Amino acid sequence: MSVHEIEVTINGKKYKEQVESRLLLSDFLRETCGLTGTHVGCEHGVCGACTIHLNGSAVRSCLIFAVQADGQEITTVEGLGEDGQLTPLQKNFIECHGLQCGFCTPGILMSATDYLQKNPNPSVQEIKEMLSGHLCRCTGYVGIIEAIQKTVEENSNHVRVER
Amino acid sequence: MKPVKFDYYSPKTVDEALTLLEEAGFDGKIIAGGQSLVPIMNMRLSSPECLIDINQLHDLQFIEFDSDKVKIGALTRQAEVERSDVVQKHLGLLSEAVPFIGHVQTRNRGTFGGSLVHADPTAEIPLSLMALGGTLHIASKEEVREVNVEDFFITYLTTDIMPNEMLTEIHIPIEQERNGYSFYEISRRHGDFALVASACQLTIDHLDRITNVRLVLGGVEATPLLIEGANEWMNGEVLSDSLLQKVEDIVDEMVDPESDIHATAEYRRHLSKKLAVRTVKSAYERARGEANERS
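Just so you know, the protein sequences line up as chains A and B, in that order. Going by the working numbering, the residue at position 25 of the first sequence is 25; the numbering climbs one at a time, nothing skipped. Heads up, the working numbering is the position in the second sequence plus 1000, with the first residue counted as 1.
Quick look at the structure:
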């Protein structure tokens, strides 16, 4: 067994902690840092609830050890909005009934945020393929897809206005 | 805590990683993307005593065009391969196959080399590499040796790599002649393990006659199944219904799939035949430069 001291930047704030090598990043975020917005479902990379951003890319935090995050930058759902304001994507999840129980929501928000940055104009099929990495047992995905589509439309309108 | 206790090392150079591997012997295990390893550790199906994390070996993360081949570093993320212009231009088969691997979120972390050394019989990268051909560079403290992809996969989850060795880079030749490729996969849901997958890479001459063909099936054997001898009866031929019938017959003879909870052996056999025909046809049409509307 090995214990390691790690320094991780989470949502812009530095955390310096001692971790056992086998501690998963998902458990580190929730239990060591108290950031319980990251949800833990299947714990083997299938459900997508624990998705976070590691150096700007959406990944499963249950498939990374906390010790591997040493020196890296992490964003969790708590870090999405600024100054207590929701992002347009988050607002559209409310608007379009993109959530019910909310268990899967943080993971989907993290994936969709990263995805839209890299693919600003996805088709419905592409949105569905991105969502295939997430399990939601309440909404049937329709509201989630609408919320993402609405965000895409709003973004492209902004671009048009700016031009 | 889910996994059992283990020692963790994060080497900064390939040499340091190889020294650690040598010292750890059979107890050591390399972790890169961890998208297959960590789930089985979380479920305690695997309990390595020592994990050597190679994520800091940035020298192994690259995609490089080099006149007649493309070089890919073992640590290159699957998502980087998916988005690479070099891969898109020269290794279309890979561009087509990689989106079938898991999900966006696992491809962001999972690596090209990791998929090869894990050697899941249904995995897309081993299948594609078998169709493209190429060499794997395997390093130990003593030497770097090159292994042809045909000799790399031994059986389920087992490759030619020894405990003191690691995969560093993969060289894939670029086809110079008129060529086409195709990849198809059938799974229960998008991102699930393939029931059967098929990959084809072929070249044709100025009269549209086949000059070289590599047809590979995944999910039907312990390792990607290269339809050997295909060149003997396909070279010099123009695509025809009777040739496609022959593809179907030969595949029927060569595959011996197993039944499991996801599909019966009979269904896998049926898929093998139909996907093989579909990939050959589609690769040929691409080589001729025809519009290729995919269903």
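Don't be surprised by glycine CBs; every beta carbon is placed ideally from N, CA and C. All values reported here derive from a predicted model rather than from experimental measurement.
Residue i: which of the options sits nearest, CA to CA?
{"i": "G1033(B)", "options": "Y1181(B), I1054(B) and L1129(B)", "result": "I1054(B)"}
{"i": "L1074(B)", "options": "A1283(B), A1194(B), H1118(B) and I1170(B)", "result": "Checking the displayed sequence, the identity of residue 1074(B) turns out to be Ala instead of Leu. Cα-wise, what sits closest to A1074(B) is I1170(B)."}
{"i": "P1234(B)", "options": "T1211(B), E1248(B), A1283(B) and N1164(B)", "result": "It should be pointed out that residue 1234(B) corresponds to Met in this sequence rather than to Pro. Ranking T1211(B), E1248(B), A1283(B) and N1164(B) by Cα distance to M1234(B) puts T1211(B) first."}
{"i": "R1286(B)", "options": "G1092(B), Q1056(B) and V1014(B)", "result": "G1092(B)"}
{"i": "Y15(A)", "options": "S61(A), S57(A), A66(A) and H39(A)", "result": "A66(A)"}
{"i": "H44(A)", "options": "N157(A), K118(A) and H134(A)", "result": "H134(A)"}
{"i": "V1081(B)", "options": "S1067(B), V1098(B), T1155(B) and D1068(B)", "result": "V1098(B)"}
{"i": "P122(A)", "options": "G41(A), N155(A) and C104(A)", "result": "N155(A)"}
{"i": "V1147(B)", "options": "L1215(B), L1167(B), S1128(B) and T1155(B)", "result": "L1167(B)"}
{"i": "K1281(B)", "options": "P1121(B), A1222(B), D1260(B) and E1237(B)", "result": "E1237(B)"}
{"i": "R137(A)", "options": "C101(A), E31(A) and S57(A)", "result": "C101(A)"}
{"i": "H1262(B)", "options": "A1139(B), A1276(B) and I1186(B)", "result": "I1186(B)"}
{"i": "R1044(B)", "options": "K1002(B), P1257(B) and E1016(B)", "result": "K1002(B)"}
{"i": "H1206(B)", "options": "I1125(B), G1289(B), L1057(B) and R1188(B)", "result": "G1289(B)"}
{"i": "V1255(B)", "options": "K1274(B), I1204(B) and K1141(B)", "result": "K1274(B)"}
{"i": "I1204(B)", "options": "E1175(B), F1152(B), G1113(B) and L1057(B)", "result": "E1175(B)"}
{"i": "V26(A)", "options": "V3(A), Q68(A), E126(A) and M130(A)", "result": "In the sequence on display, residue 26(A) carries Ser and not Val. S26(A) has its Cα closest to that of Q68(A), out of V3(A), Q68(A), E126(A) and M130(A)."}
{"i": "H158(A)", "options": "R30(A), S57(A), L35(A) and P88(A)", "result": "P88(A)"}
{"i": "G143(A)", "options": "F93(A), H4(A), C104(A) and E126(A)", "result": "F93(A)"}
{"i": "D1068(B)", "options": "G1113(B), K1089(B) and R1214(B)", "result": "K1089(B)"}
{"i": "G1102(B)", "options": "L35(A), V8(A), R22(A) and C47(A)", "result": "C47(A)"}
{"i": "E20(A)", "options": "K13(A), T9(A), V8(A) and V3(A)", "result": "V3(A)"}
{"i": "F1100(B)", "options": "S57(A), Y115(A), E126(A) and L116(A)", "result": "E126(A)"}
{"i": "S1140(B)", "options": "G1025(B), T1264(B) and E1266(B)", "result": "G1025(B)"}
{"i": "Q117(A)", "options": "S57(A), R22(A) and Q90(A)", "result": "S57(A)"}
Are the CB atoms of residue i and residue j nearer to each other than 8 Å?
{"i": "Y1184(B)", "j": "S1198(B)", "result": "yes"}
{"i": "L1132(B)", "j": "I1072(B)", "result": "no"}
{"i": "D1252(B)", "j": "R1268(B)", "result": "no"}
{"i": "R1109(B)", "j": "V59(A)", "result": "yes"}
{"i": "G1191(B)", "j": "S132(A)", "result": "yes"}
{"i": "L1018(B)", "j": "Y1009(B)", "result": "no"}
{"i": "L86(A)", "j": "Q72(A)", "result": "no"}
{"i": "P1224(B)", "j": "M1162(B)", "result": "no"}
{"i": "L80(A)", "j": "T113(A)", "result": "yes"}
{"i": "I1063(B)", "j": "V1038(B)", "result": "no"}
{"i": "N75(A)", "j": "N11(A)", "result": "Looking at the sequence shown, residue 75(A) is not Asn but Thr. Yes; because the gap between Cβ atoms is below 8 Å, this pair is in contact."}
{"i": "L99(A)", "j": "T139(A)", "result": "yes"}
{"i": "N1164(B)", "j": "E1022(B)", "result": "yes"}
{"i": "C62(A)", "j": "L29(A)", "result": "no"}
{"i": "P1121(B)", "j": "E1221(B)", "result": "yes"}
{"i": "T1279(B)", "j": "L1215(B)", "result": "yes"}
Near residue i, what residues of its chain come up, given a Cβ to Cβ distance below 7 Å and the 5 sequence neighbours on each side ignored?
{"i": "I1250(B)", "result": "I1227"}
{"i": "F1006(B)", "result": "P1048, E1049, C1050 and L1051"}
{"i": "H1118(B)", "result": "S1036 and L1157"}
{"i": "A1291(B)", "result": "Reliability of the predicted coordinates at A1291(B) is poor, the pLDDT of 48 falling under 50, and the value obtained from them is presented with this limitation in mind. Cβ within range, chain order: n/a, list empty."}
{"i": "V77(A)", "result": "G37, T38, P106, L109 and M110"}
{"i": "V1004(B)", "result": "R1044 and S1047"}
{"i": "V8(A)", "result": "Y15, A69, D70, Q72 and I74"}
Rounded to whole angstroms, how far is the Cβ of residue i from the Cβ of residue j, which I believe are closer than 8 Å?
{"i": "C96(A)", "j": "A147(A)", "result": "4 Å"}
{"i": "V1149(B)", "j": "L1136(B)", "result": "7 Å"}
{"i": "I6(A)", "j": "D83(A)", "result": "Not quite, the Cβ-Cβ distance comes to about 28 Å (not below 8 Å), so this is no contact."}
{"i": "K1116(B)", "j": "V1196(B)", "result": "It should be pointed out that residue 1116(B) corresponds to Leu in this sequence rather than to Lys. The Cβ separation is near 20 Å, so there is no contact."}
{"i": "I145(A)", "j": "K128(A)", "result": "7 Å"}
{"i": "V1277(B)", "j": "L1244(B)", "result": "5 Å"}
{"i": "G1218(B)", "j": "L1094(B)", "result": "That belief does not hold up - the Cβ atoms of G1218(B) and L1094(B) are roughly 14 Å apart, past 8 Å."}
{"i": "A1283(B)", "j": "Q1201(B)", "result": "7 Å"}
{"i": "M130(A)", "j": "V1104(B)", "result": "5 Å"}
Is it the case that the CB of residue i approaches a heavy atom of the ligand FAD more closely than 7 Å?
{"i": "N1108(B)", "result": "Looking at this structure, you won't find the ligand FAD or any other ligand, since it has none at all."}
Only counting the same chain, and skipping five residues up and downstream in sequence, which positions put a Cβ closer than 6 Å to that of residue i?
{"i": "T32(A)", "result": "E17"}
{"i": "T1106(B)", "result": "Q1035"}
{"i": "P1027(B)", "result": "Note that residue 1027(B) corresponds to Asp in the displayed sequence, not to Pro. Excluding residues within five positions, the ones whose Cβ falls inside 6 Å are E1049 and C1050."}
{"i": "C42(A)", "result": "none"}
{"i": "F1193(B)", "result": "T1122"}
{"i": "M1041(B)", "result": "P1003"}
Please return the same chain residues whose Cβ sits closer than 8 Å to the Cβ of residue i, not counting the five positions on each side in sequence.
{"i": "T1111(B)", "result": "A1032, G1033, A1074, L1075, T1076, R1077 and Q1078"}
{"i": "L1057(B)", "result": "P1011, K1012, T1013, V1014, A1017 and L1075"}
{"i": "V124(A)", "result": "I145 and Q149"}
{"i": "R1294(B)", "result": "Since pLDDT at R1294(B) reaches only 48, below the 50 mark, its modelled position is unreliable, and the value read off the structure follows with that caveat. Result list for R1294(B): S1282, in chain order."}
{"i": "Q1061(B)", "result": "G1073, L1075, T1076, R1077 and E1080"}
{"i": "I1138(B)", "result": "V1144, R1145, E1146, V1147, D1160, I1161, E1165, M1166, L1167 and T1168"}
(request) Determine which residues of the region 16-31 of chain A have a Cβ less than 8 Å from any Cβ of chain B, and write them out in chain order. (result) E20, S21, R22, L23, L24 and D27
(message) So if I threshold CB-CB distances at 8 Å, which residues from the region 55-83 of chain A count as touching chain B?
(response) S57, A58, V59, R60, C62, L63, I64, F65, V67, Q68 and D70
(request) Using a Cβ-Cβ cut-off of less than 8 Å, give me the residues of the region 1095-1116 of chain B that come near chain A, in sequence order. (result) P1099, G1102, H1103, V1104, Q1105, T1106, N1108 and R1109
(request) Could you name the residues of the region 1184-1198 of chain B whose beta carbon sits closer than 8 Å to any beta carbon of chain A, in the order they occur along the chain? (result) R1189, H1190 and G1191
(request) Would you list, in chain order, the members of the region 1026-1038 of chain B that have their beta-carbon closer than 7 Å to a beta-carbon of chain A? (result) G1034, Q1035 and V1038
(request) Give, in chain order, every residue of the region 1003-1028 of chain B whose Cβ lies closer than 9 Å to some Cβ of chain A. (result) P1003, V1004, K1005, F1006, D1007, Y1008, Y1009 and S1010
(request) May I ask you to list, following chain order, the residues of the region 114-127 of chain A that have a beta carbon less than 9 Å from some beta carbon of chain B? (result) D114, Y115 and K118
(request) Name, going along the chain, the residues of the region 132-153 of chain A whose beta-carbon falls closer than 7 Å to a beta-carbon of chain B. (result) S132 and G133
(request) Report the residues of the region 1160-1178 of chain B with a CB closer than 8 Å to any CB of chain A, ordered along the chain. (result) none
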